[in-house]
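**Student:**
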Amino acid sequence: MSVPVLLLEAAGPEARALARAAAASGHRVHAVTDAATHASYPAELRRLLAGTLVTDFTQPAQAHAQITAYGRRIGARALLTANEYLTDVAARACADLALPGNDHERAGAARNKAGMLAAFEAAGVTSPRTITVSSVDDLGALLAAGHITFPCVVKPADGAGSSGVTVATHPKELQHAWDAARTAEVMYGLPRDERVLVQDHIPGREFSVESITQNGQPTHLCITRKHTSSGLHRVELGHSLPVRLTPTAEHAILEQTDRAIAAVGVRNGATHTELIVSPDGRPTVLEIGARLGAGHIGILIHHALGIDPWHALWDIALGRPLTAIPTSCGYATVRFLTAPHSGRLVSVTGLPELSPTVPAVHVRAAAGARVGPATSNRGRLGHVIVTGDLPRPVDEQAEQLLRRITITVDEEGVA
């Protein structure tokens with residue numbers, strides 16, 4: 005049955021996949037965005053949409069009123085977002101429209117990391133020791149008092165996509181870390197939380213858990229291994245799934261994930277929970293997003309497990325039974341392309357051809373664009389996806405393909 009559905013932001017790979025899934029089911033897809041983002045919508049996306057509400061997210065109360073009024077006017081039967089900055093807005097709009105959503109009183113804890121860590125502590129979620137800092141003078145006082153240990157992670161309270169996150173290994177790096185956190189871009193020009201978090205750095209292997217929750221009951225689709233850069237800024241350079249761990253390790257990870265999901269009030273929708281597993285096997289939850297994992301994780305799930313996460317999310321949003329049963333037992337990885345140094349992009353050569361095992365190759369940066377070593381996930385230039393039956397051959401193929409790709413950057417003319 006065709007019904008009107010509302011998507012808070014249709015820009016971005018995950019959001020476009022949600023729009024396509026809804027349209028493929030015959031639903032009338034309406035999007036909510038701001039004026040600047042709407043102007044960048046490609047023709048293919050505009051053709052999918054039955055209507056668009058352009059609002060000003062920098063005025064939260066006004067935007068919320070406009071979204072709920074628009075939802076009532078079109079008779080919206082479901083509301084979703086894949087955008088981390090809009091998850092709390094979505095929860096409040098779902099509550100007003102009496103649609104399946106998350107606990108609107110706790111949804112802000114999945115968006116703001118200071119609130120998230122407080123929620124984690126109350127729920128018994130294992131998370132890094134964290135100090136919330138409001139000024140650079142307070143940061144200096146904490147350092148002088150010996151309350152900051154190195155290495156430490158410095159991040160903005162309201163960041164996303166690794167933006168503004170620094171791993172400081174020496175007191176001399178704290179000023180840079182503070183500046184990076186305080187100047188991190190916030191999407192839509194939303195009101196900024198000026199607080200900065202200083203966390204203990206937890207050594208170990210990094211994973212994420214991709215889950216879908218309905219009526220407060222989570223279904224864990226898979227555990228994902230994360231490939232990250234080293235140095236001051238930790239950028240996600242790849243994702244691989246599903247990871248097979250020992251039953252004991254998997255149980256410990258999923259137990260902490262369940263607590264984190266409940267702590268931030270996720271009741272209906274996707275979550276992406278990031279964890280570190282220390283050498284002694286103890287999982288520590290770094291943060292959680294009340295959304296499908298970005299970085300093409302949904303596509304990897306589709307290829308490796310045969311699960312269509314976008315249709316599953318619309319089923320939940322429409323109050324239908326969840327359909328997320330694996331139909332295959334393969335493996336998939338995505339690897340991201342980054343610039344070797346700052347300058348103007350000249351070319352990207354050696355890209356692989358599309359094939360059954362390489363279903364996606366994409367470069368999003370145009371020749372002539374200013375690029376630099378990625379300091380957040382937004383700085384990545386493109387990606388390659390590789391799929392297959394077994395982890396080792398897929399990972400080896402992905403590494404071989406990356407070695408054949410040459411990214412040429414001209415340093416001339418760079419300010």
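Take any residue in the sequence shown, count from 1 to its spot, add 4: that is its number in my numbering. Built from N, CA and C at the ideal position, the CB exists for glycine as well. Being a predicted model, the structure only gives us computed values, none of them experimental.
1) Are residue 123 and residue 294 touching if we call contact CB-CB under 7 Å?
2) What are the boundary residues of the beta strand (DSSP E) that includes residue 203?
3) Three Cβ pairs or more, each shorter than 8 Å: is that satisfied between the segment 106 to 114 and the segment 135 to 149?
4) Quick one: what does DSSP say residue 189 is sitting in, helix, strand or coil?
5) DSSP state of residue 152, grouped into three classes?
6) Exposed or buried, residue 243, counting other C-beta atoms within 10 Å across all chains shown (16 or more means buried)?
7) How would you write the range of the alpha helix (DSSP H) that residue 353 sits in, first residue to last?
8) Are three or more beta carbon pairs between the segment 283 to 299 and the segment 253 to 261 nearer than 8 Å?
9) So residue 159 and residue 201 are supposed to be a Cβ contact under 8 Å. How far apart are they, rounded?
10) Assign residue 396 to buried or exposed, taking buried as 16 or more other Cβ atoms, counted over all protein chains shown, within 10 Å of its Cβ.
11) Tell me whether residue 419 sits in a helix, a strand or coil according to DSSP, three-state version.
12) Could you pull the start and end residues of the beta strand (DSSP E) that residue 339 belongs to?
13) Spatial neighbours of residue 177 within its chain, please: CB distance less than 8 Å, with the 5 preceding and 5 following residues excluded, ordered by chain position.
14) To the nearest angstrom, how far is the alpha carbon of residue 386 from that of residue 189?
15) Could you tell me which whole beta strand (DSSP E) segments of length 3 or greater appear in the segment 16 to 82?
16) If you follow the beta strand (DSSP E) that residue 227 is in, where does it begin and where does it stop?
17) Which of the three DSSP states is assigned to residue 261 in this structure?
18) Identify whether residue 91 lies in helix, strand or coil by the three-state DSSP scheme.
19) Residue 279 bridges to which residues according to DSSP?
20) Any idea what DSSP makes of residue 306, helix, strand or coil?
21) Rounding to the nearest angstrom, what Cα-Cα distance links residue 76 and residue 314 in this structure?
22) Using a Cβ-Cβ cutoff of less than 6 Å, which residues in the same chain neighbour residue 53 once the five nearest sequence positions on both sides are dropped?
23) Within a Cβ cutoff of 6 Å, which residues of the same chain sit near residue 98, ignoring the five residues on either side of it in sequence?
24) To the nearest angstrom, how far is the alpha carbon of residue 17 from that of residue 377?
25) Cβ atoms of residue 308 and residue 336: under 7 Å apart, would you say?
26) Residue 240 by DSSP, collapsed to three states: which one?
27) Report the three-state DSSP secondary structure of residue 96 (helix, strand or coil).
28) Hey, residue 347 and residue 413: beta-carbon distance below 7 Å or not?
29) Could you check the C-alpha separation between residue 350 and residue 42 for me, to the nearest Å?
30) How big is the Cα-Cα spacing for residue 302 and residue 317?
31) Quick check on residue 276: buried or exposed, where buried means 16 or more other Cβ atoms within 10 Å of its Cβ?
32) Quick check on the burial criterion: 16 or more other C-beta atoms within 10 angstroms. Buried or exposed for residue 333?
33) Tell me the DSSP secondary structure of residue 390 in three-state form.
34) My output table needs one value for residue 301: the three-state DSSP class, helix, strand or coil.
35) In the DSSP output, which residue or residues are listed as bridge partners for residue 359?
**Tutor:** This is what the structure holds:
1) In the sequence shown, residue 123 corresponds to position 119, counting from 1. In the sequence shown, residue 294 corresponds to position 290, counting from 1. No, Cβ-Cβ distance for residue 123 and residue 294 is not below 7 Å.
2) Looking up residue 203 in the sequence shown gives position 199. It spans 200 to 204 - the beta strand (DSSP E) in which residue 203 sits, taken as one unbroken run.
3) no
4) Within the sequence shown, numbered from 1, the residue matching residue 189 stands at position 185. Coil, per DSSP.
5) Mapped onto the sequence shown, residue 152 falls at position 148. In the structure shown, residue 152 sits in coil (DSSP, three-state: anything other than H, G, I, E or B).
6) As a position in the sequence shown, residue 243 is number 239, starting the count at 1. Classification of residue 243: buried, given that the 10 Å Cβ count is 16 or more.
7) Here the question's residue 353 lines up with position 349 in the sequence shown. Careful: residue 353 lies outside any alpha helix (DSSP H), inside the beta strand (DSSP E) at 347 to 353.
8) yes
9) As a first step, residue 159 must be located in the sequence shown, where it is residue number 155. As a first step, residue 201 must be located in the sequence shown, where it is residue number 197. Going by Cβ atoms, the distance from residue 159 to residue 201 rounds to 5 Å, so yes, they are a contact pair.
10) The residue labelled residue 396 in the question sits at position 392 within the sequence shown. By the neighbour-count rule (16 or more Cβ atoms within 10 Å), residue 396 is not buried but exposed.
11) Taking the sequence shown and counting its residues from 1, the one referred to as residue 419 is at position 415. Model confidence at residue 419 stands at a pLDDT of 42, short of 50, so the residue's coordinates are unreliable and nothing is read from them.
12) Here the question's residue 339 lines up with position 335 in the sequence shown. Segment 335 to 341, the beta strand (DSSP E) holding residue 339.
13) Along the sequence shown, one-based indexing puts residue 177 at 173. The residues are 170 and 236.
14) As a position in the sequence shown, residue 386 is number 382, starting the count at 1. As a position in the sequence shown, residue 189 is number 185, starting the count at 1. Cα-Cα distance, rounded: 20 Å.
15) 32 to 37 and 53 to 58
16) By 1-based counting over the sequence shown, the position of residue 227 is 223. 221 to 232 is the span of the beta strand (DSSP E), which, as asked, contains residue 227.
17) Here residue 261 corresponds to residue number 257 of the sequence shown, with the count starting at 1. Note: residue 261 maps to helix in three-state DSSP.
18) Your numbering for residue 91 matches position 87 in the sequence shown. In the structure shown, residue 91 sits in a helix (DSSP, three-state: H, G or I).
19) As a working note, residue 279 is residue 275 in the sequence shown. DSSP output for residue 279 lists 211 and 289 as bridge partner(s).
20) As a first step, residue 306 must be located in the sequence shown, where it is residue number 302. Looking at residue 306 - three-state DSSP - the assignment turns out to be helix.
21) Position 72 of the sequence shown, counting from 1, holds the residue named residue 76. Position 310 of the sequence shown, counting from 1, holds the residue named residue 314. In a straight line, the C-alpha of residue 76 is about 24 Å away from that of residue 314.
22) Translated into positions along the sequence shown, residue 53 becomes position 49. Excluding residues within five positions, the ones whose Cβ falls inside 6 Å are 33 and 35.
23) Residue mapping note: residue 98 aligns to position 94 of the sequence shown, counting from 1. Counting only Cβ-Cβ distances below 6 Å, and skipping sequence neighbours, we find 83 and 105.
24) In the sequence shown, counting from the first residue as 1, residue 17 sits at position 13. In the sequence shown, counting from the first residue as 1, residue 377 sits at position 373. Those two C-alpha atoms are separated by around 22 Å.
25) The residue labelled residue 336 in the question sits at position 332 within the sequence shown. The residue labelled residue 308 in the question sits at position 304 within the sequence shown. Cβ distance < 7 Å, so residue 336 and residue 308 count as in contact.
26) For the purposes of this step, residue 240 is taken as residue 236 along the sequence shown, with counting starting at 1. Correct three-state label for residue 240: strand.
27) Looking up residue 96 in the sequence shown gives position 92. Residue 96 falls in the helix class under three-state DSSP.
28) To locate residue 347, count along the sequence shown from 1; it is residue 343. To locate residue 413, count along the sequence shown from 1; it is residue 409. Yes; because the gap between Cβ atoms is below 7 Å, this pair is in contact.
29) Here residue 350 is taken as the residue at index 346 of the sequence shown, counted from 1. Here residue 42 is taken as the residue at index 38 of the sequence shown, counted from 1. Taking the straight line from one Cα to the other gives about 29 Å.
30) Within the sequence shown, residue 302 is the residue found at index 298, counting from 1. Within the sequence shown, residue 317 is the residue found at index 313, counting from 1. The alpha-carbon atoms of residue 302 and residue 317 are separated by roughly 11 Å.
31) On the sequence shown, residue 276 is found 272 positions in, with the first residue counted as 1. Residue 276 is buried by the Cβ-count criterion.
32) Position 329 of the sequence shown, counted from the start, is the residue given in the question as residue 333. It counts as exposed.
33) For the purposes of this step, residue 390 is identified with residue 386 of the sequence shown, where counting begins at 1. Residue 390 falls in the strand class under three-state DSSP.
34) By one-based count along the sequence shown, residue 301 stands at place 297. Residue 301 falls in the helix class under three-state DSSP.
35) The residue labelled residue 359 in the question sits at position 355 within the sequence shown. Paired residues: 362.
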